[in-house]
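Note that the working numbering numbers the sequence shown so that position 396 is 852, with each residue one more than the last. The beta-carbon is built from N, C-alpha and C at its ideal position, and this holds for glycine as well. In what follows, a structure is listed as structure tokens, so that the remarks can point back to it.
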Amino acid sequence: MTRYIRWTLLLVLFPVMVHAQSTSITLDEAVELFNQNSLQQELARYDQLRKQGEAIRYKAYPNPEVSINREQLNAGTVDYEETTYMLSQPIELLGQPFLRNKSASKSQKAAELQFEYDRLQLIRQVKSLYAEYWQHSQKLKIYNQALDVIRKARSSAKAREAEGTFSGLQVQRFNVELSRYRKQRDQVRLNRKQAGNQLATYLFSREELDTQIQPADSLTIEPINVQEQTLIQYALANRSDLVALEQMVDASDLQYKVEKRERLPDLNVNFGYKNQSDGAEGFVIGGSIKLPIFNRNRGNVTITRAQTRSRQTELTLKQQAVRNQVSTAYERVGLVLEQWRLMQDTMDPSMLEAARAAYQQGRYSLVELLDATQAYVDGQTMIYETISDYNQALFELDVQSAGRIFNSQNS
């Protein structure tokens with residue numbers, strides 16, 4: 457019975473143990489997992505397909521209509537029958553189908569380009585979450601180091617209190633500091649878990665969402681070597697969302713031309729064959745046109761004209777927005793880089809261990825040890841936050857500049 461219970465527990469807990477295992481991934485591996493598993497990317501793809509489906513529906517050419525009519529007439533004892541086979545096809549005389557086809561092709565291309573931009577935005581989110589998760593992981597190590605120093609100092613203080621050379625108030629101060637660092641560490645741990653869970657939704661399928669991620673890359677700061685105006689011009693020429701809007705402007709202009717030509721009604725051509733019971737037979741040719749002859753189609757003309765001008769204005773505003781987005785992202789990168797450079801002369805990673813050793817040797821007071829510990833935590837935390845901020849700013853600038861940053865960094 458005991459053996460049966462053990463096997464049952466093993467079978468129940470084994471999947472949980474497997475899923476709870478951590479996996480170490482690099483930033484490039486995170487992007488690859490996103491490409492393979494992301495449901496967010498799948499939603500963007502469906503939106504692309506929907507837009508392309510609308511474009512295909514717009515260019516659909518009217519199909520011919522086939523009809524068969526049979527007439528049976530009786531005059532006394534004589535039976536008389538007529539059978540007519542007819543093919544009817546609408547003809548748009550001013551080339552509207554060709555304009556629709558060109559418009560639809562541009563709309564489909566626009567949907568493809570917009571999907572590419574949306575996908576780059578999603579990848580930026582993946583990279584930013586990776587940087588945020590890495591930052592919290594580093595900060596967690598910092599707080600654990602600080603807690604280790606406070607614990608050891610408190611143990612020493614308790615021993616000295618027992619000897620009568622240390623006051624209970626000083627021991628209590630260590631207890632307060634220990635509780636404070638624990639609270640801060642736990643908050644960092646929660647932030648790390650939240651960032652990891654968000655990142656996992658981009659990288660893993662539903663069955664693997666509880667996988668614990670360990671960042672394998674150590675993020676650094678690498679200054680960019682591209683000028684702001686170069687990035688702006690490159691973005692204006694290559695941003696996929698901007699090119700998509702240009703395609704939509706052309707598509708709207710073609711739709712406007714179609715509606716203007718639709719002011720005249722279509723010709724309906726009929727071609728058929730008639731067979732009579734008296735042996736007479738022959739072809740039937742005819743045509744029809746809707747009345748009134750001059751269908752002005754003013755409503756659709758007005759709508760498409762407004763739509764075309766609206767998209768032209770939207771394109772102008774989009775170009776201005778691209779300039780501002782690149783410029784703002786570029787300035788943010790520069791500001792964070794300057795913050796990083798200023799930190800290099802003020803932060804000493806060895807100060808915590810030196811402060812602990814000085815306290816044990818009696819060269820540092822309690823207040824000096826606590827101040828040094830707080831300065832170390834604040835300084836190291838600021839360093840990792842700045843590295844994370846810089847990389848996130850760089851990821852944003854790369855998207856806004858149509859991928860120019862990492863192309864130039866790698867070249």
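Taking C-beta separations shorter than 6 Å and ignoring five residues to either side along the sequence, the partners of S744 in its chain run N724, following chain order.
Bounds of any beta strand (DSSP E) do not take in Y517, whose DSSP letter is neither H nor E. Within the same chain, P546, I547, E548, L549, I745 and K746 come within 8 Å of D722 by CB-CB distance, once the 5 residues on both sides are set aside. Secondary structure remark: continuous beta strand (DSSP E) runs of at least 3 residues inside the segment 615–688, in chain order: 668–671. In the three-state scheme derived from DSSP, where H, G and I count as helix and E and B as strand, K730 is classed as strand. The shortest CA-to-CA distance from S478 to any of K649, S494 and Y514 is the one to K649. Ranking K730, L543, L505 and Y536 by CA distance to the CA of P520 puts L543 first. Q668 and V582 have their C-alpha atoms spaced approximately 16 Å apart. Between S674 and W590, the alpha-carbon positions lie close to 8 Å from each other.
Cβ-Cβ separation between I512 and A560: approximately 6 Å, consistent with a contact (criterion under 8 Å). Cβ contact annotation for F660 (same chain, cutoff 8 Å, sequence separation greater than five): L489, N493 and T667, in chain order. Between the beta-carbon of A785 and that of A849 there is about 7 Å, and that keeps the pair under the 8 Å contact cut. In the structure shown, Y820 adopts coil according to DSSP, grouped into three states. Between the segment 501–510 and the segment 695–710, the count of C-beta pairs closer than 8 Å stays below three; the two stretches do not touch. For V833 and K774, the gap between their C-alpha atoms comes out near 44 Å. A contact between stretches requires three or more CB pairs, one per stretch, nearer than 8 Å, and the segment 603–614 meets this requirement with the segment 633–649. Only buried fits E715, as 16 or more other CB atoms lie within 10 angstroms of its CB. The beta strand (DSSP E) runs of length 3 or more contained entirely in the segment 700–745 are, from start to end of the chain, 723–732 and 737–745. Nearest Cα to Y637 within the set Y599, K515, Y658 and L495: Y599. Per DSSP, the continuous beta strand (DSSP E) segment holding S480 begins and ends at S478 to I481.
Residue A691 holds the alpha-carbon nearest to the alpha-carbon of Q781 among A691, E498, L826 and N681. Secondary structure in the segment 534–589: the beta strand (DSSP E) runs of 3 residues or longer, each lying completely within the stretch, are 534–547 in chain order.
When DSSP states are grouped into helix, strand and coil, R526 belongs to the strand group. Assigned with DSSP and collapsed to three states, L489 falls in helix.
DSSP, reduced to helix, strand and coil, places G509 within a helical segment of the structure shown. Between the segment 820–828 and the segment 640–657 there are fewer than three C-beta pairs closer than 8 Å, too few to call the two in contact. Under the DSSP assignment, G790 falls in the alpha helix (DSSP H) whose first and last residues are R754 to M799.
At a Cβ-Cβ threshold of 8 Å, Y846 and L793 count as neighbours. Setting aside the 5 residues that flank it on each side, H592 is surrounded in the same chain by V644, N647, R648 and A651, each with a C-beta closer than 7 Å to its C-beta; the list follows chain order. E702 is positioned such that its CB atom lies no closer than 8 Å to that of S783. Spanning the alpha carbons of I677 and Y815 requires a straight line of approximately 35 Å.
In its chain, beyond the 5 residues on either side, T539 have a beta carbon closer than 6 Å to the beta carbon of R526.
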